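Heads up: the sequence shown is residues 119 to 297, going by the working numbering. Glycine included, each C-beta is placed from N, C-alpha and C at the ideal position. From a predicted model like this one, the values you see are computed outputs, not experimental measurements.
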Amino acid sequence: QYDRLVPVGVEGTPFPAGVAAKGLLGTSLLRSFNVRYVVVAKDDATNLAVVDSNPAYKLTKQLTRTEVYEDPAAMPRLYFARKVLYPKGDYVDAVIANLKAGSEPPNTAVVEPLDQPAEEMQGSGEVTSFDWRNSRIHARVTTAGRAFLVVRGMYSPGWRAFEDGVPAGVLRADGTIMG
């Protein structure tokens, strides 16, 4: 799944042809993964072109061999989605379609399991504080009604969640993160 969701160059390996032309990296992908800073080598024309094509990123510093770009509106590490989609068919295609059609900042989470009706989250929520250390995240949140918390950390089946001390489910959201 990851090679379809994050089609960018790694250590000089070019990303698949046409990705930039299709506009995938001009979407909310980097923002939804909470990428606030991007550091690119000045001689890496491919990735410089990708970052330059994303209007959210502004050049903030030029060093001897690298350039640093910043997206000041990067998503917070924890936030509440306004809509939850349970796609039918190919999950990765649904995530990519949502990123391309999504708003800025993203406010819809594409979630497994599949084949359930989409849910509009009528409740609102606020993350009042959180502490993220090693393999533990402790968050204080307030909600008014049913709400869906998105955690911008890599999903793994081993994560466990608790709401007021009661076990709660952890779902894969947007392909690679937790909800």
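Query                                                                                                        : Result
Three-state secondary structure (DSSP) of TYR273                                                             : coil
Span of the beta strand (DSSP E), counted from its first residue to its last, around ASP161                  : First-last for ASP161: undefined, no H or E at that position.
Beta carbon of GLU244 nearer than 8 Å to that of THR260                                                      : yes
Residue environment, ASP292, which counts as buried when at least 16 other CB atoms sit within 10 Å          : buried
Element boundaries [beta strand (DSSP E), containing GLY283]                                                 : Looking at the DSSP string, GLY283 is not in any beta strand (DSSP E), and its letter there is neither H nor E.
Beta carbon of GLU185 nearer than 8 Å to that of VAL213                                                      : no
ARG200 versus ARG264 - alpha carbon distance                                                                 : 10 Å
Where the beta strand (DSSP E) containing LYS206 begins and where it ends                                    : Where LYS206 is concerned, there is no enclosing beta strand (DSSP E), given that its DSSP letter is neither H nor E.
LEU177 burial status per 10 Å Cβ neighbour count (16 or more: buried)                                        : exposed
Close beta carbons around PRO132, own chain, < 7 Å, minus the five adjacent residues each side               : For PRO132, the predicted structure reports a pLDDT of 41, less than 50, and the residue's modelled location is therefore unreliable. A value from the coordinates is still provided. The answer, listed in chain order, is THR164.
Simplified DSSP state of ASP249, which is helix, strand or coil                                              : strand
Unbroken beta strand (DSSP E) run spanning ALA262, endpoints                                                 : 254-262
ALA174, buried or exposed, once every other Cβ within 10 Å from all chains shown has been counted against 16 : buried
Distance, VAL284 Cα to SER162 Cα                                                                             : Looking at the sequence itself, residue 162 is Asp, so the reference to Ser does not match. C-alpha separation (whole angstroms): 49 Å.
Element boundaries [beta strand (DSSP E), containing THR178]                                                 : 176-180
Secondary structure of LEU289, DSSP reduced to three states                                                  : coil
ALA199, DSSP secondary structure in three states                                                             : strand
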